[in-house]
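Novice: One line per chain: the protein sequences are A and B, in this order.
Just so we're aligned: 225 in my numbering is position 211 of the first sequence, and the numbers increase by one with no gaps anywhere.
Just so we're aligned: 16 in my numbering is position 2 of the second sequence, and the numbers increase by one with no gaps anywhere.
Number of protein chains: 2
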Amino acid sequence: MDISVLHNSILFKDFDDTEISELLKALNAAEKKYNKGAMIFSSGEITDKLCFVTAGGVTIESNDMWGNRTILNLVGKGQFFAESYALLPDVPMLVDVCAAEDCSIVFLSMKSLADLNDTIRARLLANLLTITTRKNLHLSSRSFHTAPRQVRGRIMAYLNTVSVQKHSREFDIPFDRQQLADYLNVERSVLSNELSKMQRDGLIRCRKNHFEII
Amino acid sequence: MDISVLHNSILFKDFDDTEISELLKALNAAEKKYNKGAMIFSSGEITDKLCFVTAGGVTIESNDMWGNRTILNLVGKGQFFAESYALLPDVPMLVDVCAAEDCSIVFLSMKSLADLNDTIRARLLANLLTITTRKNLHLSSRSFHTAPRQVRGRIMAYLNTVSVQKHSREFDIPFDRQQLADYLNVERSVLSNELSKMQRDGLIRCRKNHFEII
DNA sequence: CCCAAAATGTTGTAATTACAACATACTTTC
DNA sequence: GAAAGTATGTTGTAATTACAACATTTTGGG
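#1: At the level of alpha carbons, what is the spacing between L173(A) and I227(A)?
#2: Taking the alpha-carbon positions, what's the K222(B) to H159(B) distance?
#3: Would you identify the three-state DSSP class for E45(A), choosing helix, strand or coil?
#4: Could you tell me which residues DSSP puts in a beta bridge with D190(B)?
#5: In this structure, does DSSP put I60(A) in helix, strand or coil?
#6: Could you tell me the distance, in whole angstroms, from the CA atom of G51(B) to the CA atom of P188(B)?
#7: Start and end of the alpha helix (DSSP H) containing R148(B)?
#8: Hey, out of L102(A), R137(A), K125(A), whose CA is closest to L127(B)'s CA?
#9: Quick one: list the residues of chain B neighbouring L153(A), beta-carbon separation under 8 Å, in chain order.
#10: Can you give me the Cβ contacts of L194(A) inside the same chain, cut-off strictly under 6 Å, excluding the 5 residues immediately before and after it?
#11: Can the beta-carbon of T146(B) be found closer than 7 Å to that of T61(A)?
#12: For the candidate residues E45(A), D190(A), L198(A), D28(A), whose alpha-carbon lies nearest to that of S118(A)?
#13: Given a threshold of 16 other Cβ atoms within 10 Å of its Cβ, counted over all protein chains shown, does Q192(B) qualify as buried or as exposed?
#14: Quick one: Cα of S98(B) to Cα of P103(A), how far?
#15: Taking buried to mean at least 16 other C-beta atoms within 10 Å of its own C-beta, is K63(B) buried or exposed?
#16: Of the residues that make up the stretch 120 to 138 of chain A, which ones have a beta carbon closer than 7 Å to any beta carbon in chain B?
#17: How about A161(A): is its C-beta nearer than 7 Å to some C-beta of chain B?
#18: With 7 Å as the threshold, decide whether the Cβ of S177(A) is near any Cβ in chain B.
#19: Specify, as a first and last residue, the run of the alpha helix (DSSP H) that S206(A) falls within.
#20: Please check if any C-beta of chain A sits within less than 7 Å of the C-beta of T61(B).
#21: Residues of the stretch 90 to 113 of chain A in Cβ contact with chain B at a cutoff of 8 Å, in chain order, please.
#22: Assuming the contact rule is C-beta atoms closer than 8 Å, L205(A) and V165(A) should be a hit. Round their C-beta distance to whole Å, please.
#23: Put L217(B) into one of helix, strand or coil per three-state DSSP.
#24: Going by beta carbon distance, what residues of the same chain come within less than 7 Å of T84(A), once the five residues before and after it are set aside?
#25: May I have the straight-line CA-CA distance separating E184(A) from I169(A), to the nearest angstrom?
#26: Tell whether a beta-carbon distance below 7 Å holds between T68(B) and V105(B).
#27: Should T73(B) be flagged as near chain A, meaning a C-beta pair shorter than 7 Å?
#28: Rounded to the nearest angstrom, what separates R53(A) and L38(A) at their Cα positions?
#29: Tell me whether the beta-carbon of L153(A) lies closer than 7 Å to the beta-carbon of L153(B).
#30: Quick one: residues in its chain with C-beta nearer than 8 Å to the C-beta of D129(A), no 5 flanking neighbours on either side, listed in chain order?
#31: Any residues in the stretch 191 to 212 of chain A with a beta carbon nearer than 7 Å to a beta carbon of chain B? Which ones, in chain order?
#32: Using a Cβ-Cβ cut-off of less than 7 Å, list which residues of the stretch 25 to 47 of chain B approach chain A; keep chain order.
#33: Apart from the five residues on each side of it in sequence, which residues of its chain come closer than 6 Å, Cβ to Cβ, to Q93(A)?
#34: Nearest by alpha-carbon distance to S3(A): which of S23(A), K211(A), I17(A), L143(A) is it?
#35: From this set, S157(A), S203(A), L151(A), which residue's C-alpha is nearest Q179(A)'s C-alpha?
#36: Got a sec: is the Cβ-Cβ distance from S76(B) to anything in chain A below 7 Å?
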């Protein structure tokens, strides 16, 4: 198992190597590999596993009964997912989780939290709280980015956020066109078209996933 | 201050009256009243206050520069909001918070968490984790409900979730038409129109906020 | 009970988006 | 470096939605 990524994760912030090893044992840590496109969780499943990406990345998606896909989130190396479902183990998942590329996932049992002593538990809970809170902000951001009714508004809302986060008018985005379209909940071709128009209108410059706001 | 609502809140679950009183003091609890429509937080503000609704209700909204409003969440009596911003105090809010009706809000300082002893702190953190996790699911749900591209799809996704939650094909929803339209990110008139069509098509029956799925 | 105000429903037209089909550009592999 | 595969850009048409304007219903005082 690739321990080093876990050691640098938010979950084990302020824990030393010995403590981490003990915690991994206490939480029944197990690693599993997936090929690109593989489904890790399906809508309706129930789990108590907190999931950590040690390599590659996954997408959190909503796939409706008419075949429309919406990417709700991208989760990359060093990040967690399914924490809501792990911590509320009676709630069935509303989303699918797929391997965006070949990836490795470590599963940690949240049932086992109760067995830890109070001090360790408090430290772990504080870190878990940071994880869920940040995830919360990601979800809020997506609501914010898909709130504008028109495609141009959504693109600008999104690019503006990335620009603010990176403290620069010039930046790379972590999506290709199809993924960005799915994230913003618009048609890929409509997105391409609108990006062209926005360049013609002198609002932005872009080439592949590199953007500049003018 | 209306203590009884706080005593029944998730945050103070498993705390007795004495402990709660001490905690309220330690967290600098302060109550404030707002009239319907009043703005409680504006986009861009920074806060470390965990907010609790003791009476009435508030809406979490995204208001874009073209005047479009999107209701991201309704927060009612006995519920919390702004916990993400309170727990990550360097992050500016991306949303507005408005009084949906006359309401009272209790503000709790999250900076003061660090001053608590470990045992109390662990118990409080566990409860906070439940709050953020549930809030997380609400946000996920909204992504899910607005994922379908078409109005009918969004309505059905939403009604289906409510129906599952209430274990019944017949139920009340907590939105009026304008609020449901804002929540689903569609035009109010388009929503009314589509609901009429769905009744004509024999999919649902509805009258005001009472719905029946057929 | 009546009135005024608010909420909801209906309709038509203009604007936008979805979708398909195809063109072009870029990548990878042999 | 050619071929195949993938990603991105463009265009036109059909379908959907936005918006405004108005009709109808419901609600809450007086």
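Glycine included, each C-beta is placed from N, C-alpha and C at the ideal position.
Specialist: The short version:
#1: L173(A) and I227(A) have their C-alpha atoms spaced approximately 8 Å apart.
#2: Straight-line Cα distance between these residues: approximately 20 Å.
#3: In this structure, E45(A) counts as strand in the three-state DSSP scheme.
#4: Beta bridge pairing from DSSP links D190(B) with no other residue.
#5: I60(A): coil per DSSP, three-state reduction.
#6: Distance between the alpha carbons of G51(B) and P188(B) is about 18 Å.
#7: 132 to 160 is the extent of the alpha helix (DSSP H) around R148(B).
#8: For the residues L102(A), R137(A), K125(A), the minimum Cα distance to L127(B) belongs to R137(A).
#9: The answer, in chain order, is N150, L153, S154, S157.
#10: Cβ within range, chain order: n/a, list empty.
#11: No.
#12: Closest in C-alpha terms to S118(A), from the list E45(A), D190(A), L198(A), D28(A), comes E45(A).
#13: Counting Cβ neighbours within 10 Å, Q192(B) comes out exposed, since fewer than 16 surround it.
#14: So the alpha carbons of these two residues sit roughly 22 Å apart.
#15: It counts as buried.
#16: Identification of residues in the stretch 120 to 138 of chain A having a C-beta nearer than 7 Å to some C-beta of chain B yields D132, T133, R135, A136, given in sequence order.
#17: Yes - at least one Cβ of chain B is within 7 Å of the one on A161(A).
#18: False, the Cβ-Cβ gap to chain B never drops below 7 Å.
#19: Counted as a single uninterrupted DSSP element, the alpha helix (DSSP H) harbouring S206(A) occupies residues 202 to 214.
#20: Taking 7 Å as the CB threshold, T61(B) stays off the interface with chain A.
#21: Listed by position, the residues of the stretch 90 to 113 of chain A near chain B (Cβ gap below 8 Å) are E97, S98, L101, L102, V105, L108, V109.
#22: That belief holds up - the Cβ atoms of L205(A) and V165(A) are roughly 7 Å apart, short of 8 Å.
#23: L217(B) falls in the coil class under three-state DSSP.
#24: The residues are E75, S76, D196, N199.
#25: Cα to Cα, the separation comes out at about 15 Å.
#26: No, they are not a contact pair.
#27: Answer no: the Cβ-Cβ gap between T73(B) and chain A never drops below 7 Å.
#28: Note on identity: in this sequence residue 53(A) is Met, with Arg being the wrong assignment. Distance between the alpha carbons of M53(A) and L38(A) is about 24 Å.
#29: In contact: L153(A) and L153(B) (Cβ atoms closer than 7 Å).
#30: The beta carbon of D129(A) lies closer than 8 Å to those of A40 in the same chain, with the five residues before and after it left out.
#31: From the stretch 191 to 212 of chain A, only N199 have a Cβ closer than 7 Å to chain B.
#32: Shown here is that no member of the stretch 25 to 47 of chain B has a Cβ falling below 7 Å from a Cβ of chain A.
#33: Excluding residues within five positions, the ones whose Cβ falls inside 6 Å are V67.
#34: This structure cannot speak to residue 3(A), because chain A is shown only from 15 to 228.
#35: Closest in alpha carbon position to Q179(A), among S157(A), S203(A), L151(A), is L151(A).
#36: Yes - at least one Cβ of chain A is within 7 Å of the one on S76(B).
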